[in-house]
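Residue numbers (the working numbering): 725 to 872.
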(Lines of atoms letter the chains of each structure in order from A; the text may use other names.)
(Lines give C-alpha, C1' and ligand atoms only; values in the text may rest on other atoms or scores of the structure.)
Protein backbone atom coordinates (compact mmCIF):
# COMPACT_ATOMS: atom_id res chain seq x y z
CA UNK A 725 0.00 0.00 0.00
CA UNK A 726 2.77 2.42 0.89
CA UNK A 727 4.63 1.58 -2.32
CA UNK A 728 1.54 2.39 -4.41
CA UNK A 729 1.14 5.72 -2.58
CA UNK A 730 4.85 6.46 -3.05
CA UNK A 731 4.57 5.77 -6.77
CA UNK A 732 1.69 8.26 -7.09
CA UNK A 733 3.59 10.79 -4.97
CA UNK A 734 6.75 10.57 -7.09
CA UNK A 735 4.66 10.84 -10.29
CA UNK A 736 3.24 14.10 -8.93
CA UNK A 737 -0.29 12.69 -8.85
CA UNK A 738 -0.72 13.26 -5.10
CA UNK A 739 0.83 15.77 -2.71
CA UNK A 740 -0.17 14.48 0.72
CA UNK A 741 -0.44 10.97 2.11
CA UNK A 742 -2.50 10.05 5.16
CA UNK A 743 -1.31 6.88 6.84
CA UNK A 744 -4.03 5.39 8.99
CA UNK A 745 -4.02 2.58 11.51
CA UNK A 746 -3.75 2.22 15.25
CA UNK A 747 -2.14 -0.37 17.49
CA UNK A 748 -3.22 -3.94 17.94
CA UNK A 749 -3.42 -5.34 21.45
CA UNK A 750 0.04 -6.96 21.27
CA UNK A 751 1.70 -4.32 19.09
CA UNK A 752 3.96 -1.56 20.42
CA UNK A 753 3.89 0.70 17.37
CA UNK A 754 0.86 1.86 15.40
CA UNK A 755 0.33 0.68 11.86
CA UNK A 756 0.49 4.33 10.76
CA UNK A 757 3.91 4.80 12.39
CA UNK A 758 5.30 1.69 10.71
CA UNK A 759 3.99 2.88 7.34
CA UNK A 760 5.53 6.31 7.97
CA UNK A 761 8.99 4.74 8.30
CA UNK A 762 8.48 2.81 5.07
CA UNK A 763 7.20 5.92 3.27
CA UNK A 764 10.21 7.96 4.32
CA UNK A 765 12.56 5.19 3.14
CA UNK A 766 10.73 5.40 -0.20
CA UNK A 767 11.63 9.09 -0.46
CA UNK A 768 8.42 10.76 0.70
CA UNK A 769 9.02 14.01 2.58
CA UNK A 770 7.90 13.81 6.21
CA UNK A 771 5.95 17.08 5.87
CA UNK A 772 3.81 15.42 3.19
CA UNK A 773 2.78 12.62 5.56
CA UNK A 774 -0.12 12.82 8.00
CA UNK A 775 -0.55 10.09 10.60
CA UNK A 776 -3.88 8.90 11.94
CA UNK A 777 -2.88 6.37 14.58
CA UNK A 778 -6.08 5.80 16.58
CA UNK A 779 -8.23 3.73 14.21
CA UNK A 780 -8.72 0.06 15.01
CA UNK A 781 -11.18 -0.82 12.22
CA UNK A 782 -11.91 0.09 8.64
CA UNK A 783 -14.90 2.14 9.82
CA UNK A 784 -12.62 4.16 12.11
CA UNK A 785 -9.91 4.46 9.43
CA UNK A 786 -12.44 6.23 7.25
CA UNK A 787 -14.18 8.24 9.99
CA UNK A 788 -10.96 9.58 11.54
CA UNK A 789 -9.43 10.30 8.15
CA UNK A 790 -12.56 12.18 7.09
CA UNK A 791 -12.02 14.53 10.03
CA UNK A 792 -8.45 15.17 8.85
CA UNK A 793 -9.21 15.89 5.20
CA UNK A 794 -12.11 18.27 5.71
CA UNK A 795 -13.34 19.56 2.37
CA UNK A 796 -10.56 18.09 0.23
CA UNK A 797 -11.96 17.52 -3.25
CA UNK A 798 -10.06 14.37 -4.20
CA UNK A 799 -9.26 11.40 -1.97
CA UNK A 800 -7.77 8.07 -3.03
CA UNK A 801 -7.88 5.13 -0.62
CA UNK A 802 -5.19 2.56 -1.40
CA UNK A 803 -5.54 -0.95 -0.04
CA UNK A 804 -5.31 -4.58 -1.04
CA UNK A 805 -7.75 -5.38 -3.82
CA UNK A 806 -9.86 -7.74 -1.70
CA UNK A 807 -10.44 -4.91 0.83
CA UNK A 808 -11.65 -2.25 -1.61
CA UNK A 809 -15.31 -3.31 -1.69
CA UNK A 810 -15.59 -2.87 2.09
CA UNK A 811 -13.88 0.52 1.93
CA UNK A 812 -16.26 1.67 -0.81
CA UNK A 813 -19.30 0.41 1.10
CA UNK A 814 -18.30 2.08 4.36
CA UNK A 815 -17.36 5.30 2.55
CA UNK A 816 -20.86 5.34 1.09
CA UNK A 817 -22.38 4.86 4.57
CA UNK A 818 -20.23 7.71 5.87
CA UNK A 819 -21.24 9.88 2.90
CA UNK A 820 -17.74 10.53 1.62
CA UNK A 821 -18.79 11.29 -1.94
CA UNK A 822 -15.27 12.20 -3.08
CA UNK A 823 -13.40 8.98 -2.26
CA UNK A 824 -11.96 6.73 -4.94
CA UNK A 825 -10.16 3.45 -4.35
CA UNK A 826 -7.02 2.01 -5.87
CA UNK A 827 -5.60 -1.51 -5.44
CA UNK A 828 -2.14 -1.64 -3.91
CA UNK A 829 -0.86 -3.73 -6.78
CA UNK A 830 0.84 -6.55 -4.93
CA UNK A 831 -0.52 -10.06 -5.21
CA UNK A 832 -0.52 -11.90 -1.87
CA UNK A 833 0.01 -15.62 -1.44
CA UNK A 834 -3.09 -17.63 -2.30
CA UNK A 835 -3.44 -19.04 1.23
CA UNK A 836 -3.38 -15.53 2.67
CA UNK A 837 -5.76 -14.20 0.06
CA UNK A 838 -8.35 -16.92 0.71
CA UNK A 839 -8.36 -16.07 4.44
CA UNK A 840 -8.46 -12.36 3.65
CA UNK A 841 -11.39 -12.70 1.24
CA UNK A 842 -13.36 -14.69 3.82
CA UNK A 843 -12.54 -12.06 6.46
CA UNK A 844 -13.66 -9.30 4.10
CA UNK A 845 -16.94 -11.09 3.39
CA UNK A 846 -17.60 -11.44 7.11
CA UNK A 847 -16.68 -7.80 7.66
CA UNK A 848 -19.04 -6.70 4.92
CA UNK A 849 -21.85 -8.75 6.46
CA UNK A 850 -21.09 -7.29 9.89
CA UNK A 851 -21.26 -3.68 8.66
CA UNK A 852 -24.41 -4.38 6.66
CA UNK A 853 -26.14 -5.88 9.70
CA UNK A 854 -24.81 -3.10 11.91
CA UNK A 855 -26.30 -0.49 9.59
CA UNK A 856 -29.58 -2.35 9.10
CA UNK A 857 -30.26 -3.15 12.73
CA UNK A 858 -28.51 -0.09 14.24
CA UNK A 859 -26.46 -2.43 16.42
CA UNK A 860 -24.42 0.37 18.02
CA UNK A 861 -27.58 1.93 19.43
CA UNK A 862 -28.72 -1.44 20.77
CA UNK A 863 -25.36 -2.37 22.28
CA UNK A 864 -24.87 1.04 23.88
CA UNK A 865 -28.24 0.61 25.60
CA UNK A 866 -27.03 -2.63 27.21
CA UNK A 867 -25.10 -2.03 30.43
CA UNK A 868 -22.69 -4.93 29.80
CA UNK A 869 -21.54 -3.70 26.38
CA UNK A 870 -19.35 -0.80 25.37
CA UNK A 871 -19.28 0.27 21.73
CA UNK A 872 -15.75 1.09 20.59
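Each residue gets a CB set at the ideal place from its N, CA and C atoms; glycine is no exception.
Report yes if the CB atom of residue i is closer than 7 Å to the CB atom of residue j, and no otherwise.
i, j, result
"residue 787", "residue 773", "no"
"residue 745", "residue 756", "yes"
"residue 846", "residue 825", "no"
"residue 777", "residue 797", "no"
"residue 806", "residue 771", "no"
"residue 751", "residue 789", "no"
"residue 817", "residue 855", "yes"
"residue 726", "residue 759", "yes"
"residue 829", "residue 728", "yes"
Once DSSP output is grouped into helix, strand and coil, what is the label at residue i?
i, result
"residue 751", "coil"
"residue 768", "coil"
"residue 713", "Look at the range of the chain in this structure, 725 to 872, and you will see that residue 713 is not part of it."
"residue 847", "helix"
"residue 819", "coil"
"residue 725", "coil"
"residue 869", "With a pLDDT of 49 at residue 869, under the threshold of 50, the modelled position of that residue is not reliable, and the figure given next carries that caveat. Of the three classes helix, strand and coil, the one that applies to residue 869 here is coil, per DSSP."
"residue 780", "coil"
"residue 734", "helix"
From the DSSP secondary-structure annotation, give me the bridge partner or partners of residue i.
i, result
"residue 797", "For residue 797, which the question treats as bridged, DSSP gives no partner whatsoever."
"residue 824", "800"
"residue 775", "743"
Original post:
Okay, do the region 808 to 823 and the region 732 to 741 touch, 3+ Cβ pairs below 8 Å being the bar?
Top reply: no
**OP:** Spell out a yes or no on whether the region 788 to 806 and the region 750 to 770 are touching, meaning 3 or more CB-CB pairs, one atom from each, closer than 8 Å.
**Re:** no
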